[in-house]
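Number of protein chains: 2
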Amino acid sequence: MLKEERQRTILNEVELHNRVLLTDIAERLDVSIDTVRRDVKELDTENKLRKVHGGAISLAFTSPTAPNNNTYALQEKINIAEKAVSLLKEGSVVFIDGGTTCLELARLIPQRLQLTCFTLSLPVAMQLLSKPNVEVILIGGRISKEAQIAIGASTINELTAIKFDYGFIGTGYVDSLHGLTEFDWDIVQVKKAVINASKKAVLLCISEKLNSQHRYKTCDINAINTMITELDPSNNLLNLFRNHDIRLL
Amino acid sequence: MLKEERQRTILNEVELHNRVLLTDIAERLDVSIDTVRRDVKELDTENKLRKVHGGAISLAFTSPTAPNNNTYALQEKINIAEKAVSLLKEGSVVFIDGGTTCLELARLIPQRLQLTCFTLSLPVAMQLLSKPNVEVILIGGRISKEAQIAIGASTINELTAIKFDYGFIGTGYVDSLHGLTEFDWDIVQVKKAVINASKKAVLLCISEKLNSQHRYKTCDINAINTMITELDPSNNLLNLFRNHDIRLL
DNA sequence: AGAAAATTTGCTGTTTTATGCAATATATTT
DNA sequence: AAATATATTGCATAAAACAGCAAATTTTCT
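For the record, the sequence lines run as chains H and F. Using this note's numbering, the final residue of the first sequence is 249, and nothing's skipped along the way. Using this note's numbering, the final residue of the second sequence is 498, and nothing's skipped along the way.
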């Protein structure tokens, strides 16, 4: 195995799980601990990760951007984000919504993938700044303090002039019958606009939210092209969604 | 578990609940109390939190000045920001530029002051989110990775439709003769638009930048209404600016 | 292709760091 | 003041980092 490959593997591991142990990775790659240590040292001096006693941690872990350790159900969300990343193709023009799941998606975009990403979300935009090959376009507007995204008429207006290859969106609540719903009216308005502006709308949603609903409706479930949960697509919990014309991932 | 992970967890806990008990966290992390104690001690000397008898508390808890990291010439910038804050009046509609000085201004806006703040800067917008009485409006656009602000035609276009009471701006270089100049052309374009959109343009600038210049020109010094440095307005270094019709603060 | 040079890798012994434990001291509470 | 909880110190152990060296591999050059 080439040094490059090894270092790539280490980096992937770090980006994915925020950390690695030298011993683990040495065993997995079947090289001596010294080699791994040297690799990590190099990657550290290249500022690709941060070497610490016993292993290495992601830069995101230390830097101001996203010290996301208290995200609820982080593992599930990472799982979802990984599936979403697999949809991305070189040169795609995509929209990434706010919320912790979408933030994970932003975080897991591979360094070398060239993309144009639109977003309404401040944290997502911040996260994307660390991706050298991603052009970041923030759609501005009045900022919602809780959701940390742009909302309001001017925002919606801007959205009408764009078409995304994929719109990756989250939702507060989802139900096979009542579709996507939210607690907040303003948020529903921008989400509607996003879905309209997306050739394909991809819903990222942890299974815990399935079969829940709230006051304001964003769209019918049919408006969603692909739905990603942390579950296996064949899981029984998804049966109700299988009837609709939705791709499950 | 790596030491850094542990410390991260402790920090999160502190930031979240403003305090932790050493015994609690030791049990949760399944390490000895000594280890936690040592971690907390380290974090304390790094000024990430404050160690107290039996546990640790958040910095925000002790000092009103938030946990600021490693800004260059921070004290000067705080000084400038404080003067700028004194210009703010209840209900003002202002623009706040990017850069560390302006970020300090955003940070120092009093909690109870009611304002409408426009900005192009992601960090400034994030900072403003913690101000309950500030309406934050982010002007969107293509995001400059280095400057972390929105740039480009659509951004400039949006700026033409607004008038701010005050536009608080920074600059890369300033000179009494050559005016405000920058290293980056795109940035000059948006700054021009901001100055146009401001009834009064207020320049925030540490004295170190006085009498320096660069390639692209933002505006003449006369376009600036008020100039704030960390120096006393009577300081000799400001003599060259006194001739112009500028208010020094 | 084959030799020489440069790089990479694994191994050795040594040094440093991290952690837990116990004894003692200090602070806090009742 | 006594009882309890928390801090400090020194020490022992294990794990990890480091430095130097030699074997193995890759690259470069003829």
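Ideal Cβ placement from N, Cα and C applies to all residues, glycine included.
For residue 21/H, I'd like the list of residues in its chain whose CB is within less than 8 Å of its CB, leaving aside the five on either flank, ordered along the chain. One-based indexing of the first sequence puts residue 21/H at position 21. So the qualifying residues of the chain are 54 and 55.
Cβ of residue 371/F within 8 Å of any chain H Cβ: Within the second sequence, residue 371/F is the residue found at index 122, counting from 1. Yes, its Cβ sits closer than 8 Å to a Cβ of chain H.
Do residue 416/F and residue 374/F count as a contact pair if the criterion is CB distance below 8 Å? Within the second sequence, the letter at position 125 stands for residue 374/F. Within the second sequence, the letter at position 167 stands for residue 416/F. Not in contact: residue 374/F and residue 416/F (Cβ atoms no closer than 8 Å).
What is the residue span of the beta strand (DSSP E) that residue 450/F lies within? For the purposes of this step, residue 450/F is identified with residue 201 of the second sequence, where counting begins at 1. Start and end: 447 to 453.
Chain-order list of residues whose beta-carbon lies under 6 Å from that of residue 489/F (same chain, five-residue window excluded): Residue 489/F sits at position 240 when you count from the first residue of the second sequence. Answer for residue 489/F: 425, listed in chain order.
Okay, do the stretch 209 to 228 of chain H and the stretch 177 to 193 of chain H touch, 3+ Cβ pairs below 8 Å being the bar? yes
Interface residues of chain F around residue 107/H at Cβ under 7 Å? Taking the first residue of the first sequence as 1, we reach residue 107/H at position 107. Here the premise fails: no neighbours, minimum Cβ distance about 16 Å.
Taking the alpha carbon of residue 120/H as the point to measure from, which residue in 235/H, 156/H and 4/H has its own alpha carbon closest? Locating residue 120/H in the first sequence gives position 120, counting from the first residue. Residue 156/H is the option with its Cα nearest to residue 120/H.
Extent of the continuous beta strand (DSSP E) run through residue 56/H: The count along the first sequence starts at 1 and reaches residue 56/H at position 56. Start and end: 55 to 57.
In the DSSP assignment, what are the bridge partners of residue 263/F? Your numbering for residue 263/F matches position 14 in the second sequence. Answer by DSSP bridge pairing: none, since residue 263/F is not bridged.
Please report how far the alpha carbon of residue 495/F lies from the alpha carbon of residue 200/H, in whole angstroms. Here residue 495/F is taken as the residue at index 246 of the second sequence, counted from 1. Here residue 200/H is taken as the residue at index 200 of the first sequence, counted from 1. Straight-line Cα distance between these residues: approximately 54 Å.
Where residue 21/H sits in the DSSP three-state scheme: By one-based count along the first sequence, residue 21/H stands at place 21. Residue state, collapsed to three classes: strand.
Exposed or buried, which one is residue 491/F when buried takes at least 16 other CB atoms within 10 Å? Start at 1 with the first residue of the second sequence, and residue 491/F comes out as number 242. Label assigned to residue 491/F: exposed.
Determine whether the Cβ of residue 129/H lies closer than 8 Å to any Cβ atom of chain F. The count along the first sequence starts at 1 and reaches residue 129/H at position 129. It does: the Cβ of residue 129/H has a partner Cβ on chain F nearer than 8 Å.
Given a cut-off of 8 Å, decide if residue 77/H and residue 101/H are closer than it, judged by their beta-carbon atoms. Residue mapping note: residue 101/H aligns to position 101 of the first sequence, counting from 1. Residue mapping note: residue 77/H aligns to position 77 of the first sequence, counting from 1. For residue 101/H and residue 77/H, yes; Cβs fall inside 8 Å.
Residues in the same chain with beta-carbon distance under 6 Å from residue 93/H, minus the five sequence neighbours each way, listed in chain order, please. Indexing the first sequence from 1 puts residue 93/H at position 93. Same-chain partners within the cutoff: 116, 164 and 165.
Contact under 8 Å by Cβ, residue 11/H with residue 49/H: On the first sequence, position 11 is the one that residue 11/H refers to. On the first sequence, position 49 is the one that residue 49/H refers to. Yes. Within cutoff.
Residue-chain proximity (residue 53/H, chain F), Cβ-Cβ < 8 Å: Your numbering for residue 53/H matches position 53 in the first sequence. Chain F contact via Cβ: present.
Just the Cα atoms here: how many angstroms apart are residue 40/H and residue 111/H? The sequence position of residue 40/H within the first sequence is 40, counting from 1. The sequence position of residue 111/H within the first sequence is 111, counting from 1. Rounded to whole angstroms, residue 40/H to residue 111/H spans 18 Å at the Cα level.
Could you have a look at residue 147/H and say whether DSSP puts it in helix, strand or coil? Here residue 147/H refers to the residue found at position 147 of the first sequence. It is coil, neither helix nor strand.
Beta-carbon contacts of residue 144/H that lie in its chain and below 8 Å, excluding the five residues immediately before and after: The residue you call residue 144/H lines up with position 144 of the first sequence. 150, 151, 184, 186 and 187, listed in sequence order.
On the three-state DSSP scale, how would you describe residue 49/H? Taking the first sequence and counting its residues from 1, the one referred to as residue 49/H is at position 49. Coil, per DSSP.
For residue 126/H, the first and last residue of its enclosing alpha helix (DSSP H): Here residue 126/H is taken as the residue at index 126 of the first sequence, counted from 1. 122 to 128 is the span of the alpha helix (DSSP H), which, as asked, contains residue 126/H.
Identify the continuous beta strand (DSSP E) that holds residue 432/F and give its terminal residues. Translated into the one-based positions of the second sequence, residue 432/F becomes position 183. Premise fails: residue 432/F is in no beta strand (DSSP E) and is neither H nor E.
If you measure between the beta carbons of residue 170/H and residue 205/H, is that distance less than 8 Å? Counting from 1 along the first sequence, the entry for residue 170/H is found at position 170. Counting from 1 along the first sequence, the entry for residue 205/H is found at position 205. Yes. Within cutoff.
By Cβ distance, which residues of its chain are closer than 8 Å to residue 19/H, with the 5 residues on each side in sequence left out? Position 19 of the first sequence, counted from the first residue, corresponds to residue 19/H. Correct list, in chain order: 55, 56, 57, 58 and 61.
With a threshold of 8 Å between beta carbons, is residue 7/H in contact with chain F? Along the first sequence, one-based indexing puts residue 7/H at 7. With 8 Å as the cut-off, residue 7/H does not count as an interface residue toward chain F.
Within its chain, find whatever has a CB closer than 6 Å to the CB of residue 462/F; leave out the 5 residues flanking it on each side and keep chain order. Indexing the second sequence from 1 puts residue 462/F at position 213. Excluding sequence neighbours, residue 462/F sits near 422, 424, 427 and 430.
Starting from residue 36/H, find everything on chain F with Cβ-Cβ shorter than 9 Å and list it in chain order. Counting from one through the first sequence, the residue named residue 36/H turns up at place 36. Per Cβ cutoff of 9 Å: no residues; residue 36/H is ~15 Å from chain F at best.
Residue 443/F versus residue 486/F: straight-line alpha-carbon distance, rounded: Position 194 of the second sequence holds residue 443/F. Position 237 of the second sequence holds residue 486/F. Each residue's Cα considered, the two are about 27 Å apart.
For residue 172/H and chain F, any beta-carbon pair shorter than 8 Å? As a first step, residue 172/H must be located in the first sequence, where it is residue number 172. It does not: the Cβ of residue 172/H has no partner Cβ on chain F nearer than 8 Å.
Is there a Cβ from chain H that is less than 8 Å from the Cβ of residue 384/F? Along the second sequence, one-based indexing puts residue 384/F at 135. With 8 Å as the cut-off, residue 384/F counts as an interface residue toward chain H.
Taking only beta carbons into account, state which residues of the stretch 175 to 195 of chain H come closer than 7 Å to chain F, listed in chain order. none
What residue from 483/F, 256/F, 295/F and 294/F has the CA that sits closest to residue 277/F's CA? Position 28 of the second sequence, counted from the start, is the residue given in the question as residue 277/F. Of the listed residues, the one whose Cα sits closest to residue 277/F is 256/F.
Taking just the CA atoms, how far does residue 300/F sit from residue 284/F? Start at 1 with the first residue of the second sequence, and residue 284/F comes out as number 35. Start at 1 with the first residue of the second sequence, and residue 300/F comes out as number 51. Computed Cα separation, rounded: 14 Å.
Could you give the residue range of the beta strand (DSSP E) that holds residue 246/H? Here the question's residue 246/H lines up with position 246 in the first sequence. Residue 246/H -> no beta strand (DSSP E), and no H or E assigned at all.
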